[in-house]
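Chemist: Each residue of the sequence shown is one higher than the last, beginning at 1 in the working numbering.
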Amino acid sequence: MKITGVTPFTVDGGARVWTFVKVETDEGIVGWGDCTEWDAYPGVVGMLNHLTPMVIGKDPMNVERMWAELTAYNIRHNGGLAWKAMAGIDSACWDIRGKALGAPVWQLLGGRINEDLRLYWSHCGTFRFRWAERLKKRPVRRLADLARLSEEVLEAGFTAIKTNMMALEDIPNPGRMTSSKVGMDISTAQIKNAVAIVSTFRKSLGPDVGIALDTGLNFRLGSAIKLARSMEPYNLMWYETETFDPGSLKTVRDSTTTTICTGESLYGQEGYRPFLEKYAADIIMPDFAWNGVTMGKKICDLAMAYDTLIAPHNCHSPINTLVSASIASTCSNFYILEFDQDDPPWRDDLMTHPLIVKEGRLKVPERPGLGSDLIEKQLKKYAVNK
Ligand SMILES: [Mg+2]
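1) With a threshold of 8 Å on Cβ separation, who are the neighbours of Q378 within its own chain once the five nearest residues in sequence on each side are excluded?
2) Using three-state DSSP, classify E366 as helix, strand or coil.
3) Under 8 Å, do N320 and A289 count as touching if we go by C-beta distance?
4) If P246 sits next to F219, beta carbons under 8 Å apart, how far is it from one beta carbon to the other, in whole angstroms?
5) Using the three-state DSSP reduction, which class does C300 fall into: helix, strand or coil?
6) Is V23 helix, strand or coil by DSSP?
7) Assuming T25 and M1 form a contact by the criterion Cβ under 8 Å, report the distance between their Cβ atoms to the nearest whole angstrom.
8) May I ask you to check if the CB of E264 is nearer than 7 Å to at least one heavy atom of ligand 1?
9) When you compare each of M231, G5, E115, G292 to K363 by their alpha carbons, which one comes out closest?
10) Quick test of the definition: if touching needs 3 or more C-beta pairs under 8 Å, does the stretch 160–174 touch the stretch 204–215?
11) Quick test of the definition: if touching needs 3 or more C-beta pairs under 8 Å, does the stretch 37–46 touch the stretch 95–108?
12) Keeping to the same chain, check which residues put their C-beta closer than 6 Å to that of A92; ignore five residues upstream and five downstream.
13) Spatial neighbours of P139 within its chain, please: C-beta separation below 8 Å, excluding the five flanking residues on both sides.
14) In chain order, what residues of the same chain have a beta carbon less than 8 Å from the beta carbon of R141, not counting five sequence neighbours either side?
15) Which residues in the same chain have their Cβ closer than 6 Å to the Cβ of C300, if we skip the five residues on either side of it in sequence?
16) Would R148 be called buried (16 or more neighbouring beta carbons within 10 Å of its own) or exposed?
17) DSSP three-state call for K377: helix, strand or coil?
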């Protein structure tokens, strides 16, 4: 079998732009991948177009060889846009492999441990604070709206959520949060903001629902310690903070009883290994839209060697949810999967076989390949930059 075409599609994903990639073959089998990078999609599409001549004519069954060749070709810009484009092509090739062999991708990765996977409702409150109108959801403006949203969470059967700091009308404004704000230390107002949001959720959701707080790359060492300690009374599922210094994160973990999760911005085994070797986090969150199936599975297995749980980063499209399910269902160190319950209402319209989510759990698909194709007519209907 030979690859005959690689086509990117950029689609309105509500809170972000979804970047899909279609890989076609001379045997008529088509595979779908996801390499979503939110607003940086033109860069990913450019890289996909750049890599396409390298993969045309290659056998999509030989994913290890293709990954090795593309890694070597992109060695001067390891990670980033190159790996995102590589990951989209790689996942599509796994979809093709499964379809050619008549097996779900999880079957090719060793068989599944779980038939369904526990999900957490990600960006809980955050998406409705920022994009309620686009997502056709009731907006979140005040703490009472988070309490109301908690009722929805419980009614839908979710057992865990993740939220973020946000400038609600009745709590201290956290201000602009970005790692580009040089020299920023966390302010009292920011800590009060996080405490108000998390304590509201804890009170509304009860003691047993998992609550995670994600501050991404916003805070450095001292700030992360202060915030992690301020979260101790609320028994978080995790506090999520990103850094490229494993020693720094290890200091955070040693300074608090709050569970620490990290790693959405890391690439490859080499990226995760220093964090695992230092036992810098309780949980790592590999991103498969940026590491592919081939490298993603290796990262999860490497984490197992360090007795560390995985909670895949999955704030992308439904195809990456299927990719995540395909890998995570085969991992004995799987903990929980990210899921945006507040996806746009047209998400399922794009898929031949929409995701099956019941009581806060995702059914691992049974169909050959990743589990669903995308409908091109619908991709064009919701296309960005038509
Ligand atoms: Mg995160």
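Heads up, the beta-carbon is just placed ideally off N, CA and C, and yes, glycines get one too.
Modeler: Walking through what the data contain:
1) W346, D349, L350
2) coil
3) yes
4) No, P246 and F219 are not in contact; Cβ-Cβ is about 16 Å, not under 8 Å.
5) helix
6) strand
7) 5 Å
8) yes
9) E115
10) yes
11) no
12) V21, V23, G31, W32, G33
13) R128, F129, A132, E133, D145
14) F129, L168, E169
15) I310, C331
16) exposed
17) helix
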